[in-house]
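The next block holds one structure in the form of structure tokens; read it before the comments.
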Amino acid sequence: MTVTFFDALALRLVRAPMPQVDHAARVAMDQFWERARSRQPALFDGPAVACLGIEQLQAGELCLTWARTSYRYRALRQVAGASWKPASMFVTVLQPVDGGGVIVGRSSGGTAHPGRWALPGGSVEPPAAGRPLDAAALRRHAVRELAEEVGLMVGPDEVATWTVTQGAHGNVGVHFLAPPVPAELVLKHHRGLTEAGRARGTVPELDRLAVVRSVDDVLELGEAVDFLAPVLARHAQGCC
Numbered sequence: 010m011t012v013t014f015f016d017a018l019a020l021r022l023v024r025a026p027m028p029q030v031d032h033a034a035r036v037a038m039d040q041f042w043e044r045a046r047s048r049q050p051a052l053f054d055g056p057a058v059a060c061l062g063i064e065q066l067q068a069g070e071l072c073l074t075w076a077r078t079s080y081r082y083r084a085l086r087q088v089a090g091a092s093w094k095p096a097s098m099f100v101t102v103l104q105p106v107d108g109g110g111v112i113v114g115r116s117s118g119g120t121a122h123p124g125r126w127a128l129p130g131g132s133v134e135p136p137a138a139g140r141p142l143d144a145a146a147l148r149r150h151a152v153r154e155l156a157e158e159v160g161l162m163v164g165p166d167e168v169a170t171w172t173v174t175q176g177a178h179g180n181v182g183v184h185f186l187a188p189p190v191p192a193e194l195v196l197k198h199h200r201g202l203t204e205a206g207r208a209r210g211t212v213p214e215l216d217r218l219a220v221v222r223s224v225d226d227v228l229e230l231g232e233a234v235d236f237l238a239p240v241l242a243r244h245a246q247g248c249c
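So in the numbering used here, the last one in the sequence shown is 249, and the numbering has no gaps at all.
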């Protein structure tokens, strides 16, 4: 799967109406969704953001057009003949460690993609009524995901927009870069987060962390999201 990179020193996010879905496609979508839920009861049809378009406006400025939707609509990707197959929008944080390398995590069994390695992050959610979805909101969401999945607290003003990718299903990822920290500090925070979760009877979203320094390191870990190897290769080359 080819992953395309976009320069993104500045982001512009524009809301648009969700595309219409005809009755037959909607019925098929609901059937796919219910089957998926029967296999993974933890799936929740919560609010989500679909990316409708990505456009490089000028040097360093990128426009992302988005619509408010829900996770159920992703099942349209499996509906033959559907006029719209939603692309997701997500954020990640590249957390470098002292001495080189980046933190990656393995999704736990209760997630949508158990056993798959990725950067800390998650799907973008629509803003509350009256609040904008903009670059600042994406930064806040990214560092919140880092805290929830790894246990590491980083301020929104400490991360910088690093690059934007488009990969499988047209999914768009906005990737932020955090300042380097000691690897042991990250692992310590994750252990504390995991132990606190177990005490409450909950499972962490990332059941294991690793430091990777090359694409070969990623390949040795096992199954990974489509953008992970290209993003890490780009980071290792000192791009952006």
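Think of the CB as a built atom: it goes at the ideal place given N, C-alpha and C, for glycine as much as any other residue.
Boundaries of the alpha helix (DSSP H) in which Phe236 is found, first to last residue: Here residue 236 corresponds to residue number 227 of the sequence shown, with the count starting at 1. It is not in any alpha helix (DSSP H) - Phe236 carries neither H nor E in the DSSP assignment.
Let me check understanding here. Comparing Cα to Cα, which of Leu215, Val220 and Thr74 lies closest to Val58? The residue you call residue 58 lines up with position 49 of the sequence shown. It is Thr74 whose Cα lies nearest to the Cα of Val58.
Using CA coordinates, which residue listed in Gln175, Gly206 and Arg77 is at the minimum distance from Val100? Mapped onto the sequence shown, residue 100 falls at position 91. With distances taken between Cα atoms, Val100 lies closest to Gln175.
Determine whether the beta carbon atoms of Leu71 and Val102 lie at a separation below 9 Å. Start at 1 with the first residue of the sequence shown, and residue 71 comes out as number 62. Start at 1 with the first residue of the sequence shown, and residue 102 comes out as number 93. Contact: no.
Once the 5 residues before and after Ala91 are set aside, which same chain residues still bring their CB inside 6 Å of it? Walking along the sequence shown from the start, residue 91 turns up at place 82. For Ala91, the CB contacts under 6 Å within the same chain, skipping 5 residues up- and downstream, are Ala34 and Leu85 in chain order.
Compute the distance between the beta-carbons of Glu158 and Gly114, then report whether it is under 9 Å. The sequence position of residue 158 within the sequence shown is 149, counting from 1. The sequence position of residue 114 within the sequence shown is 105, counting from 1. Contact: yes.
For a test of the three-state rule: what should DSSP assign to Met162, helix, strand or coil? For the purposes of this step, residue 162 is taken as residue 153 along the sequence shown, with counting starting at 1. Coil, per DSSP.
Asp31 and Arg81 closer than 9 Å at C-beta: Mapped onto the sequence shown, residue 31 falls at position 22. Mapped onto the sequence shown, residue 81 falls at position 72. At the C-beta level, Asp31 and Arg81 stay beyond 9 Å of one another.
Do the segment 133–147 and the segment 196–209 meet, that is, are 3 or more Cβ pairs less than 8 Å apart? Contact check between the segment 133–147 and the segment 196–209: fewer than three CB pairs, one atom from each, fall below 8 Å, which does not count as touching.
Taking the alpha carbon of Pro191 as the reference point, which residue from Val220, Arg77 and Thr172 has its own alpha carbon closest? Along the sequence shown, read from residue 1 onward, the residue named residue 191 stands at position 182. The residue with the shortest Cα to Cα distance from Pro191 is Val220.
CA-CA distance, Pro213 and Ala19? Within the sequence shown, numbered from 1, the residue matching residue 213 stands at position 204. Within the sequence shown, numbered from 1, the residue matching residue 19 stands at position 10. Taking the straight line from one Cα to the other gives about 33 Å.
Can you tell me which of Leu196, Gly118, Pro188 and Arg46 puts its alpha carbon nearest to the alpha carbon of Pro165? Indexing the sequence shown from 1 puts residue 165 at position 156. For Pro165, the nearest C-alpha among the options comes from Pro188.
Since Trp250 and Ala51 are thought to touch, with beta carbons under 8 Å apart, how far apart are those beta carbons, to the nearest angstrom? The displayed coordinates of the chain run from 10 to 249. Any statement about residue 250 would go beyond what the structure contains.
What do you reckon, are the CB atoms on Leu237 and Ser223 nearer than 9 Å? The residue given as residue 237 occupies position 228 in the sequence shown. The residue given as residue 223 occupies position 214 in the sequence shown. At a Cβ-Cβ threshold of 9 Å, Leu237 and Ser223 do not count as neighbours.
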